[in-house]
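Asker:
In the working numbering, the protein residues as written are 445 to 793.
1) Which class does residue 648 belong to by DSSP, given the choice of helix, strand or coil?
2) Determine the DSSP secondary structure at residue 528, reduced to helix, strand or coil.
3) Of the choices 609, 522 and 662, whose alpha-carbon is the least far from that of residue 586?
4) Out of 660, 484 and 636, point me to the one whose CA is closest to residue 646's CA.
5) Count Cβ pairs between the region 525-533 and the region 664-674 that sit closer than 8 angstroms; are there 3 or more?
6) Among the candidates 480, 487, 501 and 698, whose CA atom is the shortest distance from the CA of residue 640?
7) In angstroms, rounded to a whole number, what distance separates the CA positions of residue 683 and residue 665?
8) Going by alpha carbons, who is nearest to residue 734 out of 493, 604, 549 and 512?
9) Residue 606 and residue 534: beta carbons closer than 8 angstroms?
10) For residue 838, which residues in the same chain have their Cβ closer than 8 angstroms to its Cβ, ignoring the five residues on either side in sequence?
11) Ordered along the chain, which non-local residues of its own chain (more than five positions away) have a Cβ less than 6 angstroms from that of residue 765?
12) For a test of the three-state rule: what should DSSP assign to residue 508, helix, strand or coil?
13) Could you tell me the distance, in whole angstroms, from the CA atom of residue 484 to the CA atom of residue 643?
14) When the Cα atoms are used, what is the spatial distance from residue 731 to residue 514?
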């Protein structure tokens, strides 16, 4: 008798379903699986560091020991692979430069002296990627070797921050570490280890407080400066400090801008001097081993000459006539026509 009403179920908006309020007043966030996994790794790392300290080692030995073990297991092999692939890519650079130079020349001839992004120019770019793939030196291998050690460095740094009861950062909330906050005492974390307050030595006896003299941040800054500033030549350093960029193209300006950013990175530990001393006690040996690894790898894997050369050594010209073959005969620079060359052997005889 009555027709069923066709009502559409109104689903809540995505923004309304993003946060679910619980009766206790907490906010449950639907973080991604990767971020939750990284947060669990940070918590497990913090608990492992506390377990090593509980076994009998003081904190001023535990933190440098962790930096040393990570260096020899992750950082040093990654730096070795990164330098190896960079040297292999440098060997093929003349071959790729020849491909690109020929493509640019053809492109400018077709466009009346104006370079443009045409299919003739994109084809050699794909060819250079194919060359890298054939030689086993794809770009992702170098980037992977450079970014690989950053993951354990960030995880251990965040774990030390949780142990030292440092304020929760944006990264910690994204990793879901705020779920370890104690509900009984708001603002404190269940991962905090108060034994850090007596685990230091020398002038930094309290590892949960900032360095009162700024010695540890200064050591970290000097170590980073040694590893980055010593790589730059005097001409390159003068170019980065110069403010006159009018004679440079856009690519050179972008390269100099990136170089200037890398030039001020060693000063970053001085900007975060108010962090707990435990973090700098972990950072200092990490940065020191990074510099030592670079020095050792330059000896183990020295720079190589390019496998291919655009301008090779010129060989002497061979003259081959129908009935005469003179090996090793060099044509004089100022020589007449081909008839004069053909008569030259008769004059000697």
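Don't be surprised by glycine CBs; every beta carbon is placed ideally from N, CA and C.
Just so you know, these numbers come straight off a predicted model, no measurement behind them.
Answerer: Well, looking at it:
1) strand
2) helix
3) 522
4) 660
5) no
6) 501
7) 23 angstroms
8) 512
9) no
10) Only positions 445 to 793 of the chain appear in the structure, and residue 838 is not among them; the question remains open.
11) Only weak support is given to the placement of residue 765: the predicted model assigns it a pLDDT of 45, under 50, and the question is left unresolved by the model.
12) helix
13) 25 angstroms
14) 12 angstroms
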